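Letter by letter, the sequence shown follows residues 0 to 285 in numbering that gives the first Met the number 0.
Don't be surprised by glycine CBs; every beta carbon is placed ideally from N, CA and C.
Small disclaimer: the values here were computed from a predicted structure and weren't measured.
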Amino acid sequence: MLDIAKAAADLPDPARGALNAKTMQQLIASGPEALDLVRGLLAEAEDGKHAGVLAPADASLLAPIPDPHKNVFCVGRNYAEHIAEGDRAQKQKVGVTEHPVFFTKPPTAIVAPDGDVLLFPEVSEAIDYEVELTVVIGKPGRNISSADAMEHVFGYTILNDITARDIQRRHGGQYFKGKGLDGSCPIGPCIVTADAISNPHGLSIGTKVNGEQRQNGNTADMIFDIPTLIASVSEGLTLEPGDMIATGTPSGVGYAMDPPRYLKDGDRVVCEISEIGTLENTVRAV
């Protein structure tokens, strides 16, 4: 880990000024030159040429973007097997939609790695998990074409779309209320830059609850790929550096099991995506 401010103290004024970002959003918005400076500082610090290296035990890991400027954009029903299991569980036939289904999660829902997923027993008795590959926007844009969409991607992280299924149904099936409770959006453990991911449409993705594998899929199975999602959400809507788009979840969610298996106090939920890492959280009743 690197304290950028300390590591940058030895740089000449022009370079140091390029690293005056106070937040991850500001660093992302500073562009590739600032990112290259940070990478250089990290390499030099590891060689003992600069201060600022922190041992993991000396730092608290926050969500990569703990206070986004906008709600987190999320995509529903983007894996065919997840759609099928949901239709079976709800005894309905919706199938694949013509256009992506979008909803959002508010900043107050965000939880850090190793933070607590909150249970509110008086509010919901059906809290569920959903692992999702999440795109972090690096370059602003509106009406972005699918052909240009990947140029707007800074990197990727993991998001657990915690969902109160009973609240979701109680409010007519709309997504926001059931997916917007405090503590319902763990994100992390890091952002992996786009150039470090071999193929975002070929990553294994899964969830374990108390060590039991529940979800086990691959991002190759997305119905709407990342360029399509970016193009669609940006229609008439400006995406900014640090905005996040969660891309949907594979099958294996708790509510579709027979009988349903919802999260309970003390459960340990581990979401994993290859080439990014693991996001671990504990469920706590409040």
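Residue i (DSSP reduced to helix, strand or coil)
i: Thr227; result: helix
i: Met23; result: helix
i: Gly179; result: coil
i: Glu274; result: coil
i: Leu60; result: coil
i: Arg283; result: strand
i: Glu331; result: The structure shown has nothing for residue 331, since the chain only spans 0 to 285.
i: Glu368; result: Past the boundaries of the shown model lies residue 368; the chain is included only from 0 to 285, so the question cannot be answered.
i: Arg41; result: Note on identity: in this sequence residue 41 is Leu, with Arg being the wrong assignment. Here Leu41 sits in helix by DSSP.
i: Lys5; result: helix
i: Thr96; result: coil
i: Leu201; result: As written in the sequence, residue 201 is Gly, which differs from the Leu given in the question. Coil at Gly201, not helix or strand.
i: Arg141; result: coil
i: Arg260; result: coil
i: Leu117; result: strand
i: Ile82; result: helix
Residue i, buried or exposed, once every other Cβ within 10 Å from all chains shown has been counted against 16
i: His151; result: buried
i: Ala6; result: buried
i: Val122; result: exposed
i: Pro188; result: buried
i: Thr237; result: exposed
i: Ser59; result: exposed
i: Ser144; result: exposed
i: Pro120; result: exposed
Distance CB(residue i)-CB(residue j) smaller than 7 Å
i: Thr192; j: Leu158; result: no
i: Arg267; j: Asp115; result: no
i: Pro106; j: Asp147; result: no
i: His200; j: Ala230; result: no
i: Pro55; j: Gly137; result: no
i: Val269; j: Lys207; result: yes
i: Ile166; j: Pro63; result: no
i: Lys178; j: His170; result: no
i: Gly30; j: Ala255; result: no
i: Ile222; j: Val95; result: yes
Of the listed residues the options, nearest to residue i (C-alpha basis)
i: Lys104; options: Arg283, Pro258, Met243; result: Met243
i: Tyr174; options: Arg164, Gly182, Gly94; result: Arg164
i: Ile286; options: Ser145, Cys184, Arg168, Gly171; result: An answer regarding residue 286 cannot be provided, because it is not within the stretch 0 to 285 covered by the chain.
i: Asn280; options: Glu84, Ile109, Ile64; result: Ile109
i: Leu180; options: Ser144, Ser145, Val285, Ile27; result: Val285
i: Pro226; options: Thr22, Lys178, Asn198, Val95; result: Asn198
i: Ile186; options: Ile275, Ile222, Arg168, Asp257; result: Ile275
i: Ser273; options: Gly140, Val100, Ile222, Ile204; result: Ile204
i: Val135; options: Asp2, Ile3, Pro259, Ala28; result: Ala28
i: Asn209; options: Asp264, Phe153, Lys69, Phe101; result: Asp264
Residue i Cβ short of 6 Å to the ligand ATP heavy atom set
i: Ala33; result: Summarising the ligand content, the structure contains no ligands, and the ligand ATP is consequently not present.
Margin query: Would you call the region 77–94 in contact with the region 118–128, where contact means no fewer than 3 C-beta pairs closer than 8 Å?
Written below: no
Checklist line | Cβ pair count under 8 Å reaching 3, the region 66–85 against the region 25–43 | finding: Short answer: they don't touch.
Note to self: Could you check whether the region 247–263 touches the region 207–218, counting it as contact only if at least three pairs of C-beta atoms, one from each stretch, sit closer than 8 Å?
What the structure shows: yes
Notebook entry, point to check: Does the region 28–37 touch the region 79–86, meaning 3 or more C-beta pairs lie closer than 8 Å?
Noted result: no
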